[in-house]
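Residue numbers (the numbering used here), protein chains in the order written: chain A, 83 to 283; chain B, 1167 to 1747.
This report concerns only the one structure given below.
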């Protein structure tokens, strides 16, 4: 049964709860089926996929987290770059990274193919963890420890860009992460990095 | 502006509707302030885009971040919501032939909203609220900023209540027969979502205000983010509902679009109301405060029920247009109805471009980026503004512009000024926005962050050598932004000239083209007297699944294909990353 021809501007007299035409029913069914596919993909990826934002999430005092990070850095320090320690923990270890306006502490040196428990949190503001050039992004919130199991797949010299506005120096907040390959060969050093602090504006 | 009001009611000589002058004045005032906010917003937009275009890099950092906040508040709050207040007054009074509930209170609320906006503008422009649009604590702004937002929200909430009261009046005074027209039903959906949104706004800004004056401790940053996005994302769903209502309205005005089935379209609106505020989760998918179950259930609007709603409207709106055209005799082939549509009518071109860009770009990217795991390769990159500029700007703002080309003659009683410019304005604006959106989206795919002053990292301790392709995408964004700015500025010029210095609307002779009057008014798309019989013939079961609207079925099939390809391509990209879990 069809209602009389009318537009969306016309009031609808009588009962408008009428059966839909076949083409509409078909489209609604297809759209519904597609929505179920969209929905199923997320749980499925938790079981079958390798990239999930689940991790282990706990509350933490920002100051305590920062202190734990410094302790960790002192324990496994293997070098230094621009005053920030380079830290190489053993594979499988709990690894700590603190974001604080406007820097990342410390510089992590990981081994490709090994799993680590990476704890990230903030000493002060909201920050954004964005691993360049992998384009892996996580939100960092003060008071929350976001622990993610990560396995770097390839060696290289990576950057951590802050991608959550944290104040006027936000755009200068860049950190470094090094991944060496499993044979232990040295990764190319950070020769292309420049120190340009305060160079313009 | 208009002649001295002698009678509280006038009869529209185009549509024959009874229009209450007190309501008409409220529509006008809200629309005018909306356009002023739009002007501030697009000036900020131009400066921002010329800063993000790294080769130009115009603004210093302080002003970049400050204007980013100004742009967000003016566009997403002041322009959109003032315009939506105009839509609510219009839908409840003009479309129902009803008198407005408590028009004086309407003016008080308008004043409160205006005061709130001015307080926010003052705080932002004077550098007392450099906290961007989202104002996440621990970033702290001047108390006037938070108070301004609260006043604005209270005013808007009260106008929404007046909208509901006007519906009650119309019902009691029997100004219409039967059920609400679908367009008003859509506006009512927007109003209900507005209430949900504004309640979350109160939960967000009242504690933050108290914190800013030192009365309470800082709100938890994670809880703030959850509540703020129940405001911030739900506000976009007001826009979606209002936009879809305007799609139905423009379809009716420009090509005589019919409602295929009231049950289907109205049920889709109800799905919006039930599920859409869960979208707060879209912003929290890689946050530490929530587990996977919470994220999956919420980000999917409980199994994508609101996406289903949009896909339903994405079918019924073009199908209604197709059927409307076929019933008026444009029956040739699959797409004769589309080819012979009034492409020079800015109301029609705005409608089509709004539907296409919102659906194909905004909808597809939105669902994909809002997938729990895929968000890892999208969160806070330029893919995010790439997405929402295609929904709220190319979708909602363009639909509002299209509606304005009809409001100018119908409510303001003016010819549309700069008519030739008006006829190309939707193409200019939409084309520019499409370039901007593509530039942002592709730059974001390389990891270029949003809300970032300098991706050459000239002040950073370590270099970040982005792929050179990023420079090209940012240039595309910049050029698109300039074109879209010109399109937006054209709209403002047309609206301001028409309203304040425009020629009064002369008497309309049906069937005669008139300069400055959209074709839907000079050639109203009236259905033939035997439309019901023609309709029954088109719906003959012998025509099979394609039914009365075969062209639309082809279009939505193309849409679904694009959706599937984009969605799974992103899963593939995700699978290349490090193992994370």
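Heads up, the beta-carbon is just placed ideally off N, CA and C, and yes, glycines get one too.
Near the ligand FMN: residue i beta-carbon under 7 Å from a heavy atom
| i | result |
| --- | --- |
| residue 99(A) | No copy of the ligand FMN appears in this structure; indeed no ligand is present at all. |
Beta carbon proximity, residue i to chain B, threshold 8 Å
| i | result |
| --- | --- |
| residue 90(A) | yes |
| residue 131(A) | yes |
| residue 280(A) | With a pLDDT of 30 at residue 280(A), under the threshold of 50, the modelled position of this residue cannot be trusted; read the value that follows with caution. Yes - at least one Cβ of chain B is within 8 Å of the one on residue 280(A). |
| residue 228(A) | yes |
| residue 95(A) | yes |
| residue 259(A) | no |
| residue 191(A) | no |
| residue 233(A) | yes |
| residue 170(A) | no |
| residue 212(A) | yes |
| residue 86(A) | yes |
| residue 277(A) | Since pLDDT at residue 277(A) reaches only 36, below the 50 mark, its modelled position is unreliable, and the value read off the structure follows with that caveat. So yes, residue 277(A) belongs to the interface. |
| residue 58(A) | Shown here, chain A extends from 83 to 283; a query on residue 58(A) therefore has no answer. |
Opening and closing residue of the beta strand (DSSP E) in which residue i lies
| i | result |
| --- | --- |
| residue 1625(B) | Note, residue 1625(B): premise wrong, no beta strand (DSSP E); not H, not E. |
| residue 256(A) | 256-262 |
| residue 199(A) | 198-204 |
| residue 1391(B) | Where residue 1391(B) is concerned, there is no enclosing beta strand (DSSP E), although the alpha helix (DSSP H) it sits in stretches over 1387-1421. |
| residue 1619(B) | That residue, residue 1619(B), is in no beta strand (DSSP E); it is neither H nor E in DSSP. |
| residue 240(A) | 238-244 |
| residue 1598(B) | Counting along the chain, residue 1598(B) falls outside any beta strand (DSSP E), though it belongs to the alpha helix (DSSP H) covering 1585-1611. |
| residue 229(A) | 226-233 |
| residue 1679(B) | Unbroken run through residue 1679(B): none, as it is neither H nor E. |
| residue 222(A) | 218-222 |
Rounded distance between the beta-carbons of residue j and residue i, thought under 8 Å
| i | j | result |
| --- | --- | --- |
| residue 1748(B) | residue 1581(B) | No information on residue 1748(B) is available, as it lies outside the stretch 1167 to 1747 that chain B covers here. |
| residue 1445(B) | residue 1399(B) | 4 Å |
| residue 1606(B) | residue 1548(B) | 4 Å |
| residue 1402(B) | residue 1438(B) | The Cβ separation is near 11 Å, so there is no contact. |
| residue 1578(B) | residue 1665(B) | 5 Å |
| residue 217(A) | residue 1612(B) | 7 Å |
| residue 1482(B) | residue 1430(B) | 6 Å |
| residue 1544(B) | residue 1610(B) | 7 Å |
| residue 1597(B) | residue 1540(B) | Rounded, the Cβ-Cβ distance is 28 Å, inconsistent with contact. |
| residue 1216(B) | residue 1222(B) | 5 Å |
| residue 1537(B) | residue 124(A) | 6 Å |
Proximity test, Cβ basis, 8 Å: residue i and chain A
| i | result |
| --- | --- |
| residue 1427(B) | yes |
| residue 1422(B) | yes |
| residue 1217(B) | no |
| residue 1477(B) | yes |
| residue 1591(B) | no |
| residue 1538(B) | yes |
| residue 1466(B) | yes |
| residue 1169(B) | Because residue 1169(B) sits at a pLDDT of 46, beneath the cut-off of 50, its placement in the model cannot be relied upon, and the point is left open. |
| residue 1290(B) | no |
| residue 1415(B) | yes |
| residue 1750(B) | Chain B is shown from 1167 up to 1747; residue 1750(B) falls before or after that span and cannot be answered. |
| residue 1179(B) | no |
Test: residue i CB closer than 8 Å to a CB of chain C
| i | result |
| --- | --- |
| residue 104(A) | The structure shown has no chain C; the protein chains it does contain are A and B. |
Residue i: first and last residue of the uninterrupted alpha helix (DSSP H) it sits in
| i | result |
| --- | --- |
| residue 1327(B) | 1309-1338 |
| residue 1645(B) | 1635-1667 |
| residue 1227(B) | 1227-1238 |
| residue 1553(B) | 1549-1554 |
| residue 1175(B) | Careful: residue 1175(B) lies outside any alpha helix (DSSP H), inside the beta strand (DSSP E) at 1175-1177. |
Residue i - DSSP class collapsed to helix/strand/coil
| i | result |
| --- | --- |
| residue 1533(B) | helix |
| residue 1292(B) | coil |
| residue 1539(B) | coil |
| residue 185(A) | strand |
| residue 1698(B) | helix |
| residue 211(A) | strand |
| residue 1220(B) | coil |
| residue 103(A) | coil |
| residue 1261(B) | coil |
| residue 83(A) | Any reading at residue 83(A) needs caution, since the residue's pLDDT is 36, under 50, leaving its predicted position unreliable; the model's value is listed next. Coil at residue 83(A), not helix or strand. |
| residue 1283(B) | helix |
| residue 166(A) | strand |
| residue 1187(B) | helix |
| residue 1580(B) | strand |
request  = Ignoring anything shorter than 3 residues or poking outside the segment 1715-1746 of chain B, list the beta strand (DSSP E) runs there in chain order.
outcome  = DSSP runs (the beta strand (DSSP E)) wholly in the segment 1715-1746 of chain B: none.
query = Going along the chain, which unbroken runs of the alpha helix (DSSP H) with 4 or more residues stay wholly within the segment 1455-1531 of chain B?
reply = Restricting attention to alpha helix (DSSP H) runs no shorter than 4 residues, the segment 1455-1531 of chain B encloses them at 1458-1465, 1467-1493, 1502-1505 and 1512-1522, ordered along the chain.
Entirely enclosed beta strand (DSSP E) segments - the segment 90-160 of chain A, minimum 3 residues = Secondary structure remark: continuous beta strand (DSSP E) runs of at least 3 residues inside the segment 90-160 of chain A, in chain order: 138-141.
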